[in-house]
Structure formats: structure tokens, C-alpha cells
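Reading through the C-alpha cells given below for one structure.
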Amino acid sequence: MLNEKVKDLLNTQINKEFYSAYLYLDFSNYFKDQGLDGFANWYNIQAQEERDHAMLMLQFLQLNDAEITLDAIDKPNDKLESPLGVLKEGLAHEQYVTGLINTIYEAAFDAKDFRTTQFLDWFVKEQIEEEDNASTLIKKMELFGNDAKGLYSLDQELGTRVYSAPSLVL
Ligand code: FEO
């Protein structure tokens, strides 16, 4: 049996991860509208990864015989005003998610729920990569985004991103 508070936090996190997928699909649509198909591809794949995160949380709860409640997914913020602004919103969102993961980890640790801390170790590490990816995009955009050729090359680079399944298997 999982600790009740930990179980509830994990259940809420399923929703947060699906919201992340929704948010990044919104980003992907924004970039598509701007003619930046490479950026759109990058965020489309990011959305797939977020769905994977949600499904891993869901599977972990199922494995532990926990009851799961699927809540409504919030509408993404639709005030996307510039490519750089979107990238910055992406980084802020990942920093927010890191805080959520840390909160669950802390609750699991306090409850001596070590099967959950072990499960969450993957997510703690994943958040390092998520924040690094987001901040690298911002740096590249600031370096190259103001020049048409630079922006074109960056868009081409982001268009090469391909989906790969998560390394965590339950
Ligand atoms: Fe599910 Fe982007 O962290």
C-alpha cells in the first residue's frame, strides 16, 4: 500500500504531465503557424514525452493497486507572443514541474515510502535534462534567432529531433 498523501500527489501529477503535453502541443501549433516547422516538431516530440511521463505515473499507481482519478486538463495559456517568449515559458514550466516532483519525493521520503522514491529517482534525473534542454533552446535562440539564416539553421536542427521511448520501464 502506498502512503495516502503520496498516492494523491502522484495522481495529481498524472494530470500535470498530461497538461504539460497539452501545453507543448499548443507551443507546437504556435510554431507551426509561424512557419517554424522544426520548432513545431521539437515541441510535438516534447508533448509525446510528457504523455509518457503521465503513463508511467499511471502504471506505477496501477502496479500498486491504487485507485486513480482522471481530472479535467486545464486549458493552456493562449497568450503566446513571440518565439523567444514561448521558449522562456517552456523553461519556467519545467522548473515548476521540478518543484512538483520534489514535493512528491519529499512526501514519499517522509513516509518512508521507498518504492516511490526509487520510482521517482528517474523523474528527478529527467528534470535535469528537461530544464537543460529548455535553457539550451533559449541560449541558441538568443544567439542565432535574430538573424534569418541563423533562425533557419536552428529550425532545421530542431526538425531532426526524433521520438524515443522513455528509458524507464516498469
Ligand atoms: Fe514531464 Fe517535462 O517533465
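Numbers in the working numbering are just positions in the sequence shown, counted from 1, shifted up by 179.
Think of the CB as a built atom: it goes at the ideal place given N, C-alpha and C, for glycine as much as any other residue.
Computed from a predicted model, the values in this text were never measured in an experiment.
### Query
Do you know whose CA, among Leu333, Phe239, Leu266, Ile283, lies nearest Leu347's CA?
Residue numbering aside, residue 347 sits at position 168 when the sequence shown is read from its first letter. Considering only alpha carbons, the answer is Phe239.
### Query
the ligand FEO heavy atoms versus the CB of Gln306: any closer than 8 Å?
In the sequence shown, the residue the question calls residue 306 occupies position 127. Answer for Gln306: yes, Cβ within range of the ligand FEO.
### Query
Going straight from the alpha carbon of Ile224 to that of Arg340, what length do you get?
Here residue 224 corresponds to residue number 45 of the sequence shown, with the count starting at 1. Here residue 340 corresponds to residue number 161 of the sequence shown, with the count starting at 1. Their backbone Cα atoms lie some 8 Å apart in a straight line.
### Query
When a residue counts only if its C-beta is closer than 6 Å to some heavy atom of the ligand FEO, which residues count, in chain order?
Glu196, Ser199, Glu229, His232, Glu273, Val276, Glu309
### Query
How far does the alpha helix (DSSP H) with Lys195 in it reach, from first residue to last?
Residue mapping note: residue 195 aligns to position 16 of the sequence shown, counting from 1. First-last of the alpha helix (DSSP H) with Lys195: 183 to 212.
### Message
Taking the alpha-carbon of Leu263 as reference, which of Asp205, Phe302, Asn325, Glu229 has the nearest alpha-carbon?
### Response
For the purposes of this step, residue 263 is identified with residue 84 of the sequence shown, where counting begins at 1. The residue with the shortest Cα to Cα distance from Leu263 is Asn325.
### Message
Considering only their Cβ atoms, is the gap separating Ala233 from Phe197 smaller than 9 Å?
### Response
Within the sequence shown, the letter at position 18 stands for residue 197. Within the sequence shown, the letter at position 54 stands for residue 233. For Phe197 and Ala233, yes; Cβs fall inside 9 Å.
### Task
Locate the alpha helix (DSSP H) running through Arg230, then write down its first and last residues.
Start at 1 with the first residue of the sequence shown, and residue 230 comes out as number 51. Per DSSP, Arg230 belongs to the alpha helix (DSSP H) from 216 to 242.
### Task
Note the first and the last residue of the continuous alpha helix (DSSP H) segment covering Asn312.
Within the sequence shown, numbered from 1, the residue matching residue 312 stands at position 133. Counting along the chain, the alpha helix (DSSP H) containing Asn312 begins and ends at 293 to 323.
### Query
What is the residue span of the alpha helix (DSSP H) that Gly269 lies within?
Taking the first residue of the sequence shown as position 1, residue 269 is located at position 90. 262 to 289 is the extent of the alpha helix (DSSP H) around Gly269.
### Query
Is it true that the CB of Asn256 sits closer than 9 Å to the CB of Glu268?
By 1-based counting over the sequence shown, the position of residue 268 is 89. By 1-based counting over the sequence shown, the position of residue 256 is 77. Result yes, Cβ atoms of Glu268 and Asn256 sit closer than 9 Å.
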